[in-house]
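Chains as they are written, first to last, in the working numbering: chain R, 4 to 541; chain L, 14 to 319. By construction, the Cβ of each residue, glycine as well, lies at the ideal position given by its N, Cα and C atoms. Model, not experiment: these values are computed from the prediction. Below is one structure; the comments refer to it alone.
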Amino acid sequence: MAADGRSRRASGRPRTRWACLWLLCLCLLPPWATGDTDRVVLGNPGEPETVDPHRYNLRLEETILSDLFLGLTTFDAEANIVPGAAESWTTSDDGLVWTFRLRAGARWSDGEPVTAHDFVFAFRRLLNPATAASLAYFMYPLANAEAVNAGRMAPDDLGATAEDDHTLVLRLDKPYPYLPERLLYPTAFPVPRHVIERVGDDWVKPEHWVSNGAYRLTAWQPQSVVSLRRNPHFAASGLPPARLEQVDYLPLANEQTAYNRYRTGEVDAIAGFPAGELPKARRELAEHVRLSPLLSIMYLVFNTREPPFDDARVREALALVVDRQTLTDRVQRAGHVPSPSFVPALVRDYQPVPVPGEALTPAARLTRARTLLEAAGYGPGRPLEVTIHHPSGTEAKRTNLAIAGFWQALGVQTRLHQSELKVHFSDLRQGNFQVALAGWFGESNPEHYLGLWHSQTGDVNYGGYANAEFDARMAAAALEADLTRRNGLLREAEAVGIAEHPVIPLYSVMVRRLVSPRLGGWAENARDAHPARLLYWR
Amino acid sequence: MARVLSVRLLWSLVTLWVIVTAVFFLLRLAPGGPFDGERRLPAEVEANLRAAYHLDQPLPLQYARYLGMLARGDLGPSFRQKDFTVNELVAAGAPVSLTVGALGLLIAAGAGIAAGVGAGTRAGRTGDRWLMALTNLGLAFPAIVMAPLAVLVFAVLLGWLPAGGIGSAAHYLLPALVLALPFTAAIARLTRGSVVETLAEPHVRTARAKGLPSGRILRRHVLPMALLPVVSFLGPAAAAMLTGSVVIEQVFELPGIGRYFVQGALNRDYTLVMGVVVVYAVLILAFNLLVDLAYARLDPRLRARP
């Protein structure tokens, strides 16, 4: 009806002009909405800095790189570690020699065979100081790796050798039972030697691109889109090939924008949306909301180098009155999971040690905290004054306002100091803080977290915590090749450390995603890893 | 004229050098560095990185190196966008920024002049009051407020336009509209004042007395005079729109150079920030130069004496 009226009125000359304009507008409208059956548009929380697996630095790059390359090990939809480019492997009794059997038919995306020599080339390139790989230390478990990376040894001396085209041998300095997990990272991915030797650093450009994963890179418009297409030779590796022809990764750094663009149908899945939208999203987009706890720990770290936090009693007092449940459920309301231990509960084959005092009632905790503070010389006459450093952002600010509230019950006067992320971590590494909010993400391996308390760890032991007994137990664990016994030793070390409260564990991050309910092959997992090769449209 | 031009050009170069120098050293004063992150960097790794980007050299040497590269038109490698040079990034981002800026300028000039003439010819009447109230609103709301509001209304609630990114011509419309808004308001007010003033001129009264139709008076006798101040406003406005899209690009996730500027600054990507500053500076200097030349052409009093 309305259309009829409009067409009748449009018969006059000026009206015709308007009609043409409307027609033009209509032509401009539809193309942004997705809806292809052979393509998926995924939101990534930012722009990748590189697609070179040896120079990458960010989790959002891991996402793309894991679609482009296939390492010796890989993960399934639930993020379990499964064989990747290696079909099987064996370990020597002392845990120092790992022998990987590569899949015989595997091919690069240009049809060339993938061999053990490609992996050796890749490991040497990663650790070569000239590559300037910022995550080279991920492969320091390899024999001589640290010396090679520091330029004290030649890359040829690295503990990675090819016995034949399909047999790769990795030698380690010390036993490291978590190696299959470490090999999931792009730092352990092979790179196409035959292309790099021909075109040099330009091998990462789409026009020269060759990789061995389910997808290959076909276009990268900076700040706009990274486009991947199915690798026609992937099926030869023996793994099931990708089901969707094209994957487009959009850099959506701002959660609000990501949320808007998801709601307008421009993106099929996004990596995060504002916590404030969670209740509404649960009501209106119930089938789209995917929450999954991430292997991670957010914590407050004390600067133990100087007063007042060189005194373990003060640290314990402040730790006792932090109510994690109230923090996550009533202040943040973002779905985060309170963590009473520093090693996250999601770490496999490990029983983390909760903070001492966790079992006490709130009243008993408050009484004990007051006693401890008094013993340390603080009270109504001489209140403890503390400044918490945190990175800028609403969530960090709310978190620390809540902490300041908890501490107020002890008469502690808390001030907040916020700074931009870079400055925050720079301050942390230089020890320019009293108490600070920090986080650690990543592996399903207790050592990954406990290593932060080791006195020789360097500047990521932000608080400068040092305890000889803790160090000794960590050193003992590092020599153990058996995973169960090793984790038992690490648990003892964790108990020694947490008794002195170098940190206050707060919570594990809950990832808030929106995913199209039509998208199959997507499963929530602790690594928040969702290989594109498993995705399909229902 | 050639002498004016060469003196102007020389001064522009000096200005550019001062800007480059100030930004170069100010950037190094900011705490943190390009390789700081949450993850640990062992000393040897950081040394490798610093050496790869020549950050291990003394600062004056780095500065001289940079000036040398700049003279050859090379903006260097990006510290963080490792697969691209700054030249490649600017080449990819500048067309987006320029498109949004040009479209915004077009909208601002078109809508602003139309509204200004409409209000000026109805000075004191209801239509005029409404239009001027609207322009006040347009001036009062900054892009950081208007942009998310526009997305909410036109993209999320009504679904008429995309919420961000690029891909089709429709993607440019909303950012250009929001960018144009304060400039439209400014141009409308400027035009209105100028039209009211011109309408009171004796030559307009004469034309009216001769019985010319009001449309013709407006086109022939009012607009040419009334638009002079608007034209001189367009120069700085063009520069401000091209550089002022930093916020717009951020909110609409447009892959323009304004976004590199913000992210480059946050990442301490020294070369990228320097590159964008150089491009912005050159653009602004060029527009100012154009305006100066236009003034000289329009107003004989400003021409340098031989």
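DSSP lists R:P296 as the bridge partner or partners of M513 (chain R).
A direct Cα-Cα distance of roughly 51 Å separates A475 (chain R) from Q249 (chain R). In the assembly as shown, E258 (chain R) is a buried residue. Its beta-carbon has 16 or more other beta-carbons within 10 Å. For D70 (chain R), the closest Cβ of chain L is not nearer than 9 Å. By the CB criterion at 9 Å, G108 (chain R) and S230 (chain R) fall outside the cutoff. C-alpha of G380 (chain R) to C-alpha of R432 (chain R): approximately 29 Å in a straight line. Inside the stretch 125-203 of chain R, DSSP marks whole alpha helix (DSSP H) runs of 4 or more residues at positions 148-152, 182-185 and 196-202, from first to last along the chain.
The closest CA to that of Y218 (chain R), considering only R:G442, R:E446, R:E423 and R:R232, is found on R:R232. V506 (chain R) is a Cβ neighbour of L303 (chain R), given a cutoff of 9 Å. Within a 10 Å sphere around the beta-carbon of N280 (chain L) sit 16 or more other beta-carbons, which makes this residue buried.
Contiguous alpha helix (DSSP H) elements confined to the stretch 339-401 of chain R occur at 365-378, taking only those with 4 or more residues.
A88 (chain R) and L75 (chain R) have their C-alpha atoms some 4 Å from each other. A256 (chain R) is positioned such that its CB atom lies closer than 9 Å to that of E266 (chain L).
Think of a sphere of 7 Å around the beta carbon of L253 (chain R): the chain L residues whose beta carbon falls inside it are G178, in chain order. Sorting L:P249, L:R138, L:I297 and L:F246 by C-alpha distance to the C-alpha of V209 (chain L) places L:R138 at the top. For chain L, the residues of the stretch 393-427 of chain R that bring a beta carbon within less than 8 Å of one of its beta carbons are E423, L424, K425 and V426, in chain order. Rounded to whole angstroms, the Cβ separation of A139 (chain R) and V58 (chain L) is 6 Å, and the two are in contact under 8 Å. Taking a C-beta distance under 9 Å as the contact criterion, A198 (chain L) and G133 (chain L) do not qualify as a contact pair.
Residues R174, L175 and P178 of the same chain have their beta carbon placed closer than 7 Å to that of L99 (chain R), with the five preceding and five following residues left out of the count. Of all alpha-carbon atoms in R:E65, R:A274, R:V350 and R:V123, the one lying nearest the alpha-carbon of H169 (chain R) is that of R:V123. Our two residues, N464 (chain R) and V292 (chain L), have alpha carbons roughly 41 Å apart in a direct line. Residues P386, L387, E388 and V389 of the same chain have their beta carbon placed closer than 8 Å to that of Q416 (chain R), with the five preceding and five following residues left out of the count. Separation of N306 (chain R) and G46 (chain L) (C-alpha to C-alpha, rounded to the nearest whole angstrom) is 22 Å. The alpha-carbon of D69 (chain L) is positioned some 30 Å away from that of Q226 (chain R). Within chain L, the residues placing a beta-carbon under 7 Å from that of E52 (chain R) are R93, Q94 and K95, ordered along the chain. Residue pairing for T76 (chain R): DSSP places it in a beta bridge opposite R:P86. Along the stretch 251-278 of chain R, the positions whose C-beta sits under 8 Å from a C-beta of chain L are L253, P254, L255, A256, N257, Q259, T260, N263, R264, R266, T267 and E269, read in chain order. Around the beta carbon of Q276 (chain L), a 10 Å sphere encloses 16 or more other beta carbons of the protein chains shown; the residue is thus reported as buried. Proximity of chain R to N61 (chain L) at the Cβ level (cut-off 7 Å) is accounted for by P132 and A135, in chain order. Identification of residues in the stretch 200-231 of chain R having a C-beta nearer than 7 Å to some C-beta of chain L yields V207, Q224, P225, Q226 and S227, given in sequence order.
For E287 (chain R), the nearest beta carbon of chain L is not closer than 9 Å to its own beta carbon. Looking only at R:D97, R:E90, R:D96 and R:D113, the smallest Cα-Cα distance to F103 (chain R) is reached by R:E90.
With fewer than three CB-CB distances shorter than 8 Å, the stretch 130-147 of chain R does not count as touching the stretch 203-218 of chain R. Among the CB atoms of chain R, one or more fall inside 9 Å of the CB of G106 (chain L).
Taking C-alpha positions only, H184 (chain L) is separated from W173 (chain L) by approximately 11 Å.
The three-state secondary structure of G114 (chain R), taken from DSSP, is coil.
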